[in-house]
Structures are given as C-alpha cells and as structure tokens.
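Notes follow the structure.
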C-alpha cells in the first residue's frame, strides 16, 4: 500500500500548492490563483504528504452559505494519481464540512466520473432560493460566481460540470 498522510495545510505549503496548480492553469483546467490568495486561504486547505512531508496533493473547502460549501483546488501529483490520494482528500473535506454544519457540497469539475463515485450529481442552475441567490451574487469571489453560473465567468467554466453532493 502507498503511504501518505493528510494534514491541515500550513502557510509553508502554499508555495508547493501554487507550483502544483500551474500546469492545470496553463491547460485551462483550473483557474489560476495568485500566491497571496492561496496564503489567505491556507486554513481552507488539506494537504496530502508523502513519507518525507512533501506535498503530493491538496484540496480546499470553501464555505459559501450556511449549509453550502465548495470543494476547490483539488490536485494530486501525477505520480500519485490512482493511489487513493484524491479520494482521501475529498473524504477529509467532507468530514470538515460536516463539522462546520454544512449539508451540501458543490464542485465545478472536468473529473465527473471521480466525483460521481463520491456521490456528487450534476446540477442545473437553481440550487439556492432566490433570497440566498440575491445574497451570494454580492460576493466578489469568482468561485461563487461560477456556482451561480453568472455570465461573466462562463469563459472560465466551459467544459466543466457543476456538481453537488448532499451530505448525510
């Protein structure tokens, strides 16, 4: 069995996360994030590390509303794909979401089969009430704009699938 551990991210991990993110940004799979944005979100991240404490994967849980969170920036180093790292990160993010009292998790992804296996389902546009929508639309966060499927982020989301999981 392949050995890795999960832990909350530390500020010192964010440079590694940023470096892992860049190839996906260049291929237009994930949106780029400035290093300062990653540092500001350090507490949202979980990292997977190998036996030498090198970051081999990451994912973030971003709270969007009282019952709703988003799985963001889910990455696994190429040499660690298909070893359970991604699954373990998502499971940890789901546990964190439950601890925060969230009952739904959103993701925007090309990896629909991976998320389907984890209980996520494709969604349409109307996932929140009009009152909640009117509050969320005020957020400057691009991830929330993607969740709401706002026109100005459509170029960022082409080909991606909006998915949701109800946590039990």
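In the working numbering, the protein residues as written are 181 to 348.
Built from N, CA and C at the ideal position, the CB exists for glycine as well.
ask   = alpha helix (DSSP H) containing residue 281: first to last residue?
value = If you number the chain shown from 1, residue 281 lands on position 101. Note, residue 281: premise wrong, no alpha helix (DSSP H); not H, not E.
query = Looking at residue 221 and residue 198, is the spacing between their C-beta atoms short of 9 Å?
reply = To locate residue 198, count along the chain shown from 1; it is residue 18. To locate residue 221, count along the chain shown from 1; it is residue 41. The answer is no: Cβ separation not under 9 Å.
request  = Apply the 10 Å Cβ neighbour rule to residue 227 and answer buried if 16 or more other Cβ atoms are within range, or exposed otherwise.
outcome  = If you number the chain shown from 1, residue 227 lands on position 47. Buried.
task = Between the Cα of residue 232 and those of 190, 183, 225, 218, spot the shortest distance and give me the residue it belongs to.
result = Reading the chain shown from its first residue, position 52 is the one you call residue 232. Nearest of 190, 183, 225, 218 to residue 232, Cα basis: 183.
ask   = Is it true that the CB of residue 215 sits closer than 9 Å to the CB of residue 322?
value = Against the chain shown, residue 322 aligns to sequence position 142. Against the chain shown, residue 215 aligns to sequence position 35. In this structure, residue 215 does not lie closer than 9 Å to residue 322 by Cβ.
ask   = Relative to the alpha-carbon of residue 187, which residue among 299, 224, 209 has its alpha-carbon at the smallest distance?
value = Within the chain shown, the letter at position 7 stands for residue 187. The residue with the shortest Cα to Cα distance from residue 187 is 224.
task = Could you tell me if residue 206 is buried or exposed, where buried requires 16 or more neighbouring beta carbons within 10 angstroms of its beta carbon?
result = Within the chain shown, the letter at position 26 stands for residue 206. Residue 206 is exposed by the Cβ-count criterion.
ask   = Which ranges would you report for the alpha helix (DSSP H) in the region 235-290 if only whole runs of at least 4 residues count?
value = 265-279
task = Compare the C-alpha of residue 236 against each of 260, 219, 348, 289 and name the closest.
result = By one-based count along the chain shown, residue 236 stands at place 56. Put simply, of 260, 219, 348, 289 the residue whose alpha carbon is nearest the alpha carbon of residue 236 is 260.
ask   = What does a CB cutoff of less than 8 Å around residue 347 pick up in its chain, not counting 5 residues either side in sequence?
value = Here the question's residue 347 lines up with position 167 in the chain shown. Here the set comprises 274, 277, 278, 282, 283, 284, 285.
task = Kindly indicate the opening and closing residues of the beta strand (DSSP E) around residue 221.
result = Residue numbering aside, residue 221 sits at position 41 when the chain shown is read from its first letter. Careful: residue 221 lies outside any beta strand (DSSP E) and carries neither H nor E.
ask   = Bridge partners of residue 186, per DSSP?
value = Walking along the chain shown from the start, residue 186 turns up at place 6. For residue 186, which the question treats as bridged, DSSP gives the partners 228.
task = Compare the beta carbon distance of residue 294 and residue 341 with 9 Å and say whether it is the shorter of the two.
result = Translated into positions along the chain shown, residue 294 becomes position 114. Translated into positions along the chain shown, residue 341 becomes position 161. No, the pair does not count as a contact, with Cβ atoms beyond the cut-off.
query = Is there at least one Cβ from chain B nearer than 9 Å to residue 239's Cβ?
reply = Of the protein chains in this structure there is only one, and it is not chain B.
ask   = If we count the other Cβ atoms within 10 Å of its Cβ and call it buried at 16 or more, is residue 266 buried or exposed?
value = Position 86 of the chain shown, counting from 1, holds the residue named residue 266. Answer is buried; the Cβ neighbour count reaches 16.
Residue 253 versus 325, 302, 239, residue with shortest Cα-Cα distance = By 1-based counting over the chain shown, the position of residue 253 is 73. Among 325, 302, 239, the Cα nearest to that of residue 253 is on 239.
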